[in-house]
Each structure stands twice: as structure tokens, then as C-alpha cells.
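**Q** Could you have a look at this structure, given as C-alpha cells, before my questions?
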Amino acid sequence: MDQYRLNSLQIISCLAFVAIATSSNCWAQEVASLDLTKMVMRRDLRRPAGIRQGPAVFADFHCANTTRKTGVLHTEIESLDRQRYMAGDWLRFEITIKNVGSIPLRIPFSPDLADLQPEDAAQKFAYSALQVSLWAAAGNDPHKVGLNIVRLYGAEDHANTMVTLSPGEWVRIAGRDKIHFPPDQTTVDLIHAGAFDRAYPQVAVYRSETSLTPTSSATDSHEICIQQTRGKGFPITLATEQ
């Protein structure tokens, strides 16, 4: 009987350990999704009264301390509408952003920047911004080509514009845009050689502040230091008309 009880306790202990180790994965789920192909995005900001012509200034400050990053986000391309693209083609994509770290992360998740602007157009306002970039890479060559950029926005004082990603949870984004290749000779040569063979996503989260005057606008964005991982890359081919 004592041996039976000992074996039973060992089995229960093992099951408890497995349950604890896998509990986070069991509860992992998709918490939000956006299909930007079916939405009209409100991004144009109102200017204060006056002459409405002038420069727009953007200043991006990347992660200042790469040794102290908070949380881990994993981005992956789930699908592209086809494998071969030429300049001017429309590219439809679907990506996921998953929290693979050990702490919850808050990310902006609205395409409508204009909804965050105060009633007084001259008032400076702060918000969070999520930028997801799609790139094409050519083997081990460090040269890359930008295919698409998605920007989402949010603020804690605006309902339904921020999403909490607990460990194991993810969001899904679908989008569509026309692609353009840079005209530099290196890119042209690599495309002609058929060197671009995979696409991958890259994510960045910023704390931003925008101010507008009748004649200008200025936006300062400071990147939040978050560790990133990404999938192995999605097969792709870039081509030009011969």
C-alpha cells in the first residue's frame, strides 16, 4: 500500500508540473484583429485656423539603451497574396504580433490617428504608435527593400485604442498597399539577379507627440525598448519588366 501511495503521489506531482508548465500556452489566444483592407483610415489632422501650407517635420529617436529592453514581441508573416511581385503591384499581407515574453505589454491598435487629436487643433497631444514594416531580403546580403509600412495609434485616455497582450497572446493585422522599388543600382542588380527570396516583418513601438500650427506640424517619436524576434521569413520573389 505504501508503494502504491508513493507511485500515485509521483504521478500526481508529474501531472501538476506539466499543467503548470503548459498553462500559459493553454490560455494563449488571439485577442484582437484588424483588416485594414476593409477600413477607411482617419489620419488627416486638423490644422489651426490660418494659412494651411507649410512643412511637416518628423523626428524619430530609436531605442536609446539596447541593453535594457522590456518585454519580447514576436512578429510573423502569416500569408501573402502571392509569391512574385513587380513594382506597382498590390501586395496583400497578414501578420501576427505575439507577446513571447513574461510580462504583459500594452500596444496601440487603432488606424485612426485623427481620433486622438484634441478638439483644439493647436493643442499638442501625446499618443503611442506601433509601426510594422515589411522587408524583402536577399540571401545573406545586408541590402533590403521596404515593401510596406503599417502604423497604428492609441492613447490610454481613448477607449478601444490600446490592447493588452498578456504572455502568449497575439494580435492579427491584414493590409494591402502598392509596392515601389528604390531606383538605386544595388537594388536593381539584386532584383535582376533574382536575389530577393524572402520577406520578413519588423515592429517598433513609439511614444509620440505632435503639435500643429497654421503653417507647420512637428512630431517627435521616441522608441520604447522592446526585444524582438521574428519568423524565419516568407518566400518571395521581386521582379522588374525586362
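In our numbering, each residue's number is its place in the sequence shown (first place is 1) plus 1134. Ideal Cβ placement from N, Cα and C applies to all residues, glycine included. From a predicted model like this one, the values you see are computed outputs, not experimental measurements.
Give me, in chain order, the residues of the same chain whose beta-carbon lies closer than 7 Å to that of H1356; leave out the 5 immediate sequence neighbours on both sides.
**A** Position 222 of the sequence shown, counting from 1, holds the residue named residue 1356. Closer than 7 Å at Cβ, skipping near neighbours: F1195, Y1340 and R1341.
**Q** Using CA coordinates, which residue listed in F1330, V1206, N1294 and F1243 is at the minimum distance from L1281?
**A** Sequence index remark: in the sequence shown, residue 1281 carries index 147 (1-based). For the residues F1330, V1206, N1294 and F1243, the minimum Cα distance to L1281 belongs to F1330.
**Q** Measuring CB to CB, does P1369 end up less than 7 Å from Q1217?
**A** Position 235 of the sequence shown, counting from 1, holds the residue named residue 1369. Position 83 of the sequence shown, counting from 1, holds the residue named residue 1217. For P1369 and Q1217, yes; Cβs fall inside 7 Å.
**Q** Over the uninterrupted beta strand (DSSP E) stretch that includes V1234, give me the two end residues.
**A** Position 100 of the sequence shown, counted from the start, is the residue given in the question as residue 1234. Per DSSP, V1234 belongs to no beta strand (DSSP E) and is neither H nor E.
**Q** Would you kindly work out how many angstroms separate the C-alpha atoms of L1250 and L1170, rounded to a whole number?
**A** The residue you call residue 1250 lines up with position 116 of the sequence shown. The residue you call residue 1170 lines up with position 36 of the sequence shown. So the alpha carbons of these two residues sit roughly 18 Å apart.
**Q** For the beta strand (DSSP E) containing H1356, list its first residue and its last residue.
**A** Within the sequence shown, residue 1356 is the residue found at index 222, counting from 1. Unbroken beta strand (DSSP E) run through H1356: S1351 to E1357.
**Q** Within a Cβ cutoff of 6 Å, which residues of the same chain sit near N1233, ignoring the five residues on either side of it in sequence?
**A** Reading the sequence shown from its first residue, position 99 is the one you call residue 1233. Hits under 6 Å: L1239, L1299, P1301 and E1303.
**Q** Where does V1174 land, buried or exposed, given buried means 16+ other C-beta within 10 angstroms?
**A** To locate residue 1174, count along the sequence shown from 1; it is residue 40. Burial call: exposed.
**Q** Would you check if the distance between the CB atom of V1279 and the CB atom of A1270 is smaller than 7 Å?
**A** As a first step, residue 1279 is located in the sequence shown; it is residue number 145 there, counting from the start. As a first step, residue 1270 is located in the sequence shown; it is residue number 136 there, counting from the start. In contact: V1279 and A1270 (Cβ atoms closer than 7 Å).
**Q** Give the DSSP-derived three-state secondary structure of T1209 in the structure shown.
**A** In the sequence shown, the residue the question calls residue 1209 occupies position 75. Of the three classes helix, strand and coil, the one that applies to T1209 here is strand, per DSSP.
**Q** Here's the rule: buried if 16 or more other CB atoms are within 10 angstroms of the residue's CB, otherwise exposed. What is S1350?
**A** Counted from its first residue, the sequence shown places residue 1350 at position 216. When all chains shown are included, S1350 counts as exposed.
**Q** When you compare the CB positions of I1360 and L1264, do they come within less than 7 Å of one another, or not?
**A** In the sequence shown, the residue the question calls residue 1360 occupies position 226. In the sequence shown, the residue the question calls residue 1264 occupies position 130. For I1360 and L1264, no; Cβs fall outside 7 Å.
**Q** For my contact list, Y1219 and L1372 are in at a C-beta cut-off of 8 Å; report their separation, rounded to the angstrom.
**A** Translated into positions along the sequence shown, residue 1219 becomes position 85. Translated into positions along the sequence shown, residue 1372 becomes position 238. About 6 Å; that satisfies the 8 Å criterion.
**Q** On the DSSP letters alone, give me the boundaries of the alpha helix (DSSP H) that T1204 sits inside.
**A** In the sequence shown, counting from the first residue as 1, residue 1204 sits at position 70. T1204 -> no alpha helix (DSSP H), and no H or E assigned at all.
**Q** Can you give me the C-alpha to C-alpha distance between W1224 and G1309, rounded to a whole angstrom?
**A** Counted from its first residue, the sequence shown places residue 1224 at position 90. Counted from its first residue, the sequence shown places residue 1309 at position 175. Rounded to the nearest angstrom, the two C-alpha atoms are 10 Å apart.
**Q** Using a Cβ-Cβ cutoff of less than 6 Å, which residues in the same chain neighbour E1228 once the five nearest sequence positions on both sides are dropped?
**A** Counting from one through the sequence shown, the residue named residue 1228 turns up at place 94. Once the five neighbours on either side are set aside, the close Cβ partners of E1228 are E1212, S1213 and A1308.
**Q** Exposed or buried, I1283, counting other C-beta atoms within 10 Å across all chains shown (16 or more means buried)?
**A** On the sequence shown, position 149 is the one that residue 1283 refers to. Exposed: under 16 other Cβ atoms inside 10 Å.
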